[in-house]
Each structure stands twice: as C-alpha cells, then as structure tokens.
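A short write-up of the structure that comes next.
In the working numbering, the protein residues as written are 23 to 269.
Have a look at this one:
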C-alpha cells in the first residue's frame, strides 16, 4: 500500500508509504495518491486533508528508477509521472477542504511541488527541502515555477532553483514558504493544533475563503502553470546526470 489513509475525526491523513525508498514518487504512488485525494474531496465528513510521509521523509522526489524506465525528454519527465502528479496538485489546490503538507523530513523537487500545492505547509525545523531540477538537468512540470514564486517571491525563487541548494524547515518559515516550523518532536502536535483550529470554524466560510484566495492567486498562477506545462526547452543532460548519481 503506497498511500495509507487514516481519519482522525474530520481530519484525513494521507501518508506516502515507501519508507525504504524515502517515499520516492513512482507512477503507481502518484496514481494511488490521486485516487486517495479524489476520495477525500468527495467525502463530506472530511474537513482537512493532511499529506505527509512515513519514516525519515515527506518524499525524496521522483524515484530514479521510474526516471530510468521512462527517460526524460528535453528535461521533461514522462507522461506516466506528469499525468497523475498534475491530478494530485490540482486536487490539493482546488478541493473544498483545507490541505496541509506536514513536512517531516526530506522534501525535494517533485515532492516540494506537491507540498506547494497545499494550502498550508507545516515543517519540522530539521526537514531538508530543495528544488533540485537543475541539478539533474530537468525542468519543472508540476507547478514549481508558478507556485514557488508566489510563495517566496521571484528573487528567492530564482536563488533556490538556480543553486538547487538544500534548505531547512526553519528557513522555509523565514522565506514565507512554511506557515509553521517546529522541532520534529512537536510536529504532530502542531499539525493537530492547526487542523483543530480550522475545524472549529464555519465550514462554509472556509470553503468560501479557499475559493476566494484561489481566485486571487489564479489571476497569475493559471497562466504560469499553462506556460510551464507546454513550453519545451532543449535540455539534453538529464540522462548523464542521473546516471552519474547512480554510480
């Protein structure tokens, strides 16, 4: 089971469950996550959806074996990954529930794109995050270029993407990317506290707010996402870079 579903009252917790691979993203895991998100979106008893990972990671990003099985073309990962990943990001950002990324550990590249699609991000201080597309000769196709800019501003987004550097949950809070950052030992309690505060409020008002904020955000976001999805670039080094990592 690549995604574990657990309900804590009106809070649905979805846990990426490939701990032996740091919850690396495969087509099957993304399909399973999309199905779980669709179920949560349709369940009227669910008010908040928490996305997290088992073990030491939220997710290390796309599984390198999945990339090897369907090699990137011009820096663009295969449709077997793009299709379900975009379903996930769309559901996380548009469902009439508050979505929270609980970043407990490693959260890189495609995983960071999933987290950015959530309404809120709560991180462990010790979490390690980063946009490493450029490190592997890839370009983002799940929303990084549109959502990261909105989260941290263009100057910081450029720095993080151009350097592909790792930053902590505490830094994510300072950047404006995270809503909260706490020691890992306090992460569960903080997410429970935030979810409870949301659930205590009017569900109709929360739904209205989500729609209003999305409308304000989408004035630029939708064009940015469309441009990212369809624009092609002559990237040719992904295979060599990925091969070198595996040696």
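We put the CB at the ideal spot given by N, CA and C, even for glycine.
DSSP assignment within the region 44–115 yields the following whole beta strand (DSSP E) runs of 3 residues or more, N-terminal first: 70–75 and 79–81. The C-alpha of residue 109 lies about 12 Å from the C-alpha of residue 102. Residue 151 carries a strand assignment under DSSP once its states are collapsed to helix, strand and coil.
If you check the CB distance, residue 38 and residue 45 come in under 8 Å.
Counted as a single uninterrupted DSSP element, the alpha helix (DSSP H) harbouring residue 182 occupies residues 176–185. For residue 30, the secondary structure class from DSSP, reduced to helix, strand or coil, is strand.
According to DSSP, residue 37 shares a beta bridge with 26 and 74.
Under the three-state reduction of DSSP output, residue 136 falls in the helix class. CA-to-CA, the gap between residue 67 and residue 220 works out to about 14 Å. For residue 143, there is no enclosing alpha helix (DSSP H); the enclosing beta strand (DSSP E) covers residues 142–146. DSSP places residue 207 in the uninterrupted alpha helix (DSSP H) bounded by 206–221. Rounded to the nearest angstrom, the Cβ distance from residue 73 to residue 121 is 7 Å, consistent with a contact under 8 Å. Three or more Cβ pairs drawn from the region 141–156 and the region 193–204 lie within less than 8 Å of each other, which places the two stretches in contact. About 7 Å separates the beta carbon of residue 236 from that of residue 115, a gap short enough to meet the 8 Å contact definition. The beta carbon of residue 171 sits closer than 6 Å to the beta carbons of 179 from its chain, once the five residues preceding and following it are set aside; these are given in chain order. Only buried fits residue 85, as 16 or more other CB atoms lie within 10 angstroms of its CB.
Here DSSP, grouped into helix, strand and coil, assigns residue 123 to strand.
A distance below 8 Å separates the beta carbons of residue 203 and residue 147. Collapsing the DSSP output to three states places residue 167 in a helix.
In the three-state DSSP reduction, residue 229 falls in the helix class (H, G or I).
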